[in-house]
Amino acid sequence: MFGISFGEMLVVAMVALVIVGPQRLPAAARYCGALLGRLQRQTAQVKREISREMDLEELRQAKDEAERIAMEVKEAGAAAVPDRPGAAPAGGVDERQGRP
Numbered sequence: 001m002f003g004i005s006f007g008e009m010l011v012v013a014m015v016a017l018v019i020v021g022p023q024r025l026p027a028a029a030r031y032c033g034a035l036l037g038r039l040q041r042q043t044a045q046v047k048r049e050i051s052r053e054m055d056l057e058e059l060r061q062a063k064d065e066a067e068r069i070a071m072e073v074k075e076a077g078a079a080a081v082p083d084r085p086g087a088a089p090a091g092g093v094d095e096r097q098g099r100p
């Protein structure tokens with residue numbers, strides 16, 4: 001899990017046994033385990049928050065792109081609508097007379 005071999009874990013356990021003592025070793029191991037679990041939960045929460053923020057940024061970019069395209073379509077539609085009633089669109093066919 002941490003790149004520690006069995007021999008290294010055995011040495012750490014022996015040192016912990018000598019430093020902490022056999023009476024307090026189980027409590028110290030429980031405390032270290034709880035601390036490690038809390039650290040893993042916090043790390044997972046930070047990863048989720050970063051992922052959520054990245055998703056929100058992608059949604060913002062997609063929204064901006066959609067708004068830009070909508071504005072372009074609106075401008076293109078406004079350019080295609082004649083200014084005067086009954087006037088033919090620019091480059092279009094006058095439907096009343098059937099000629100360009």
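Letter 67 of the sequence shown, counting from 1, is numbered 67 in full-length UniProt numbering, and no numbers are missing. All residues carry an ideal CB built from backbone N, CA and C; glycine is no exception.
Check whether V15 and A28 have beta carbons under 8 Å apart:
For V15 and A28, no; Cβs fall outside 8 Å.
Tell whether a beta-carbon distance below 8 Å holds between L25 and L17.
yes
What would DSSP say about V81, mapped onto helix, strand or coil?
coil
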